[in-house]
Amino acid sequence: MSFLVLVLAVWIEKFSALRQRLQRDGGWLRELAKLESSPRMGTRPWLILALLVLLPVALLALLLLVLEPVAYGLLALPVHLLVVSLQPGPR
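For the sequence shown, the tail end lands on 414 under my numbering, and the numbers increase by one without skipping.
See the structure below:
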C-alpha cells in the first residue's frame, strides 16, 4: 500500500496538472512567518515546530486510527495520497 501511495504521489507531482491545485503551502508559510516574528514565540523554535508540524501530524494519526477499522486498504488510499501530495515541494 505504501509503495502504491508513493508511486501515485510521484505521478501527481511530476506528470499531472493536479499539482498546482493540491500543493498550496502559502498558508503554512504565512503562519510560520507570523509565529517567527512574534516576540513571544520567536525565541521558542521548538514550540513553533510543535504547533506547525507535530500538532497536524498528531491529528492525522488520530484520523487514520479512526478510519483504520472502516477504511482499511484501498478505501484509505485517498487519505494517504492526499497527505503525501500536500507536502511542500522544492522551490
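Cβ atoms here follow ideal geometry from the backbone N, Cα and C, with glycine treated the same way. Since this is a predicted model, take the numbers as computed values, not measurements.
*In whole angstroms, what is the alpha-carbon distance linking Val330 and Glu391?*
21 angstroms
_Only counting the same chain, and skipping five residues up and downstream in sequence, which positions put a Cβ closer than 8 angstroms to that of Ile371?_
The residues are Leu355, Leu358, Glu359, Met364.
*What residue does the alpha helix (DSSP H) around Arg353 start on, and which one ends it?*
349-360
*asked:* Quick check on Ala332: does DSSP put it in helix, strand or coil?
replied: helix
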